[in-house]
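Protein sequences, first through last, are from chains A and B.
Position in the first sequence (first residue = 1) + 27 = this note's numbering.
Position in the second sequence (first residue = 1) + 27 = this note's numbering.
2 protein chains.
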Amino acid sequence: MKNIDKKKQIASDWFKKLQVLICSELESIEKKYGKKHSKFKAVRWNRDKKGSDNLGGGEMRLLRGKVFEKAGVNTSTVFGKLSKNLSGKIPGTDKNIEFWASGISLVIHPYSPKIPAIHMNTRFIVTQKSWFGGGIDITPTDKNSKESKKIANFFHAELKKTCDFYKIGCYEKYKKWCDEYFFLPHRNESRGLGGIFFDYLNSDVWNEDMEFVKNIGKTFTKTYKSIVNDTAKLSWNDNDKKLQNFRRSRYVEFNLLYDRGTKFGLETDGNIEAIFMSLPPSASW
Amino acid sequence: MKNIDKKKQIASDWFKKLQVLICSELESIEKKYGKKHSKFKAVRWNRDKKGSDNLGGGEMRLLRGKVFEKAGVNTSTVFGKLSKNLSGKIPGTDKNIEFWASGISLVIHPYSPKIPAIHMNTRFIVTQKSWFGGGIDITPTDKNSKESKKIANFFHAELKKTCDFYKIGCYEKYKKWCDEYFFLPHRNESRGLGGIFFDYLNSDVWNEDMEFVKNIGKTFTKTYKSIVNDTAKLSWNDNDKKLQNFRRSRYVEFNLLYDRGTKFGLETDGNIEAIFMSLPPSASW
């Protein structure tokens, strides 16, 4: 593959840069609406249990604040040989089990049930093939309220713009993919109000794919900031909080039963705290 | 197989009888220690979505009380053809995918962090082979406290008696099996303080196997009653409650990531509420 080392560098540098930008934005929001100025705590980890960087690693950043009850923003760049369980199941690994993967993943569980939870992840994977994957989706407490639908409409309109800029028609495809992916078959219900999801993105012009992935990160920051500004001061009651804990239980079910990222993390000996940072601060069954 | 219909009847009758006995015992404890006299609510379900009894079904009983924050005691008797995913993976289904399964399953999450959570399950499965399976295990909030270790010692001693009565040496085998089964590899930790676990139990004398399974049910009632009596009045603080929510998060992780019963239930179109009744009323990550 042409210039693959350079591409790896550009992608992983971007994910790290985006992590810094996003954490800084979220801290500003905490400062604006939270009573105290909560900050992210960063922890570096290596995949090699002995501590070397030979298998890669990552940096998790976690904030437990007043606005964001739990916000995890993680980056990782991991490489080496795939486990037996995964080899052959990932494109380009049927004859050679070497892999390289870099990405950013964030999940935010706000304290107020009026602010939707959000997830974003973008990644660049290299085996004997190479591709981008990712997605962003929103999970309001009450999926059926007028407020939530209004938020979702705004969110989807912004995502459509970002997608259209990349390739006309891809929003519809990635929205459908998202609806299919973030679905709990055992409950016959969606996890939230959707967004976009894509994988195996490998068009003729790598730079355009990279730019699309960058723009998703920027769209996240812009739209979520706006959503939080619109909802942070709304009042809520015990019933809203109960419904939030119910919604969070579905989030847990999805992440532990179906999420590919969780499975990939567990299968590749990823850092447990980083993998499970997506789980909500509380949930009720 | 000899007298298989009679065996099915005896086993499923016992599971139903035990359900009534256990719910009655737990309600007595609620009456004794709870402020109000909370009762179990029963819901019948059929596996056939159209409502017929052609594929079997079950009865879930759920109590949300003052002593037992959430106690689920379920029985089910289900039959029909295995899904493609399961056929061949279960003994006696490589050539014929008909199955019949009956069992009782209970999980109790007490409100007080001083009372351990407990799980018990016994079942009789019939394919082209037939066998019993089951287990019982205890999960105190603080696995390392003296109190918890004392409770676990008592619990294990009672289980050993029940096992010895069935077959000398089987306690050690089933205890080891339990330790191996209720283990979270991603955390490198056990779910609780163990108990016994067994599967594919099919000795020469069916009646002895059935009696062993019955005795496990009786041992549950006797030992748990005693444990609750010893712990229900102990005082606890916010830190104990936090640790309980932490312990419960591990319970969720185990049940959604690894538990065979959950997987079997999902794969056989079991009732979702019944399958997930094991999940704790609250959990924190």
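Glycine included, every Cβ here is placed at the ideal spot set by N, Cα and C.
Item, Value
"What three-state label does DSSP hand Asn30 (chain A) in the structure shown?", "coil"
"What span of residues does the alpha helix (DSSP H) with Phe303 (chain A) cover, start to end?", "Run containing Phe303 (chain A): none; DSSP gives neither H nor E here."
"To be precise: take each residue of the region 270–288 of chain A, compare its Cβ to all Cβ atoms of chain C, and keep it if any distance is under 9 Å. Which residues remain?", "Note that chain C does not occur in the displayed structure, where the protein chains are A and B."
"Please name the residue or residues paired with Met147 (chain A) in a DSSP beta bridge.", "A:Leu133 and A:Ile163"
"Is it buried or exposed for Val100 (chain A), if we count other Cβ within 10 angstroms and need 16 for buried?", "buried"
"Excluding the 5 residues flanking Phe210 (chain B) on each side, which residues of the same chain have their C-beta closer than 8 Å to its C-beta?", "Glu216, Ser217 and Arg218"
"Measure the Cβ-Cβ separation of Trp204 (chain B) and Asp236 (chain B) and say whether it is below 9 Å.", "no"
"For Ser51 (chain A), tell me which candidate among A:Gly288, A:Phe67, A:Lys62 and A:Ser39 has the shortest Cα-Cα distance.", "A:Phe67"
"If we ignore side chains and look at the alpha-carbon of each, how far apart do Trp263 (chain A) and Gln271 (chain A) end up?", "11 Å"
"Would you identify the three-state DSSP class for Arg214 (chain A), choosing helix, strand or coil?", "coil"
"Ordered along the chain, which non-local residues of its own chain (more than five positions away) have a Cβ less than 8 Å from that of Gly221 (chain A)?", "Asp164, Ile165, Ala179, His183, Lys202, Cys205, Asp206 and Phe209"
"Based on the DSSP output, what are the partners of Gly83 (chain B) in its beta bridges?", "B:Val105"
"Quick check on the burial criterion: 16 or more other C-beta atoms within 10 angstroms. Buried or exposed for Asp40 (chain A)?", "exposed"
"Based on the DSSP secondary-structure assignment, which residues constitute the bridge partners of Gly119 (chain B)?", "In DSSP, Gly119 (chain B) forms no bridge with anything."
"Rounding to the nearest angstrom, what Cα-Cα distance links Gly160 (chain A) and Lys245 (chain A) in this structure?", "16 Å"
"Can you check whether the C-beta of Leu299 (chain A) is within less than 9 Å of a C-beta belonging to chain B?", "Note on identity: in this sequence residue 299 (chain A) is Ile, with Leu being the wrong assignment. Judged by the 9 Å Cβ criterion, Ile299 (chain A) is in contact with chain B."
"Would you list the residues sitting across from Arg71 (chain A) in a DSSP beta bridge?", "A:Glu86"
"According to the neighbour-count rule (16 or more other Cβ atoms, all chains shown, within 10 Å of its Cβ), is Val70 (chain A) buried or exposed?", "exposed"
"Check whether the Cβ of Arg218 (chain B) lies closer than 9 Å to any Cβ atom in chain A.", "no"
"For Glu125 (chain B), which beta-bridge partners are listed by DSSP?", "B:Lys108"
"Per DSSP, Trp204 (chain A) forms a beta bridge with which residues?", "In the DSSP output, where bridge partners are listed per residue, Trp204 (chain A) has none listed."
"Starting from Leu220 (chain A), trace the alpha helix (DSSP H) in both directions and tell me its first and last residue.", "First-last for Leu220 (chain A): undefined, no H or E at that position."
"On the CB-based measure, 16 or more other CB atoms within 10 Å of its CB, does Met304 (chain A) come out buried or exposed?", "buried"
"Find the residues of chain A that neighbour Leu293 (chain B), judging by a C-beta separation of less than 7 Å, and give them in chain order.", "His213"
"Hey, quick one: how far does the alpha helix (DSSP H) through Asp257 (chain A) stretch, first residue to last?", "Trp233 to Thr258"
"In three-state DSSP terms, what is Leu283 (chain A)?", "helix"
"Let me know if Glu280 (chain A) comes out buried or exposed under the rule of 16 or more other beta-carbons within 10 Å of its beta-carbon.", "buried"
"Report yes if the CB atom of Glu125 (chain A) is closer than 9 Å to the CB atom of Lys141 (chain A), and no otherwise.", "no"
"How many whole angstroms separate the CB atoms of Gly84 (chain A) and Trp72 (chain A), which I take to be in contact at a CB cut-off of 8 Å?", "5 Å"
"Taking C-beta to C-beta, are Asn321 (chain B) and Gly288 (chain B) nearer than 9 Å?", "Here chain B covers residues 28 to 312 and nothing more, so residue 321 (chain B) does not appear."
"What does DSSP give as the partner residues of Leu228 (chain A) in its beta bridges?", "A:Phe159"
"Are Pro137 (chain A) and Val255 (chain A) closer than 9 Å when you measure CB to CB?", "yes"
"Listing by chain order, which chain B residues have their CB less than 9 Å from the CB of Trp72 (chain A)?", "Going along chain B, no residue has its Cβ under 9 Å from Trp72 (chain A), so there is no contact; the nearest lies around 14 Å."
"So with CB distances below 7 Å, who are the chain B contacts of Pro137 (chain A)?", "What Pro137 (chain A) touches in chain B: nothing, since even the nearest Cβ is about 15 Å away."
"Relative to the C-alpha of Thr295 (chain B), which candidate in A:His213, A:Met28, A:Gly119 and A:Lys35 has its C-alpha closest?", "A:His213"
"Which residues of chain B have a Cβ atom closer than 7 Å to the Cβ of Phe306 (chain A), listed in chain order?", "Just to set this straight, residue 306 (chain A) is Leu in the shown sequence, not Phe. Trp312, listed in chain order."
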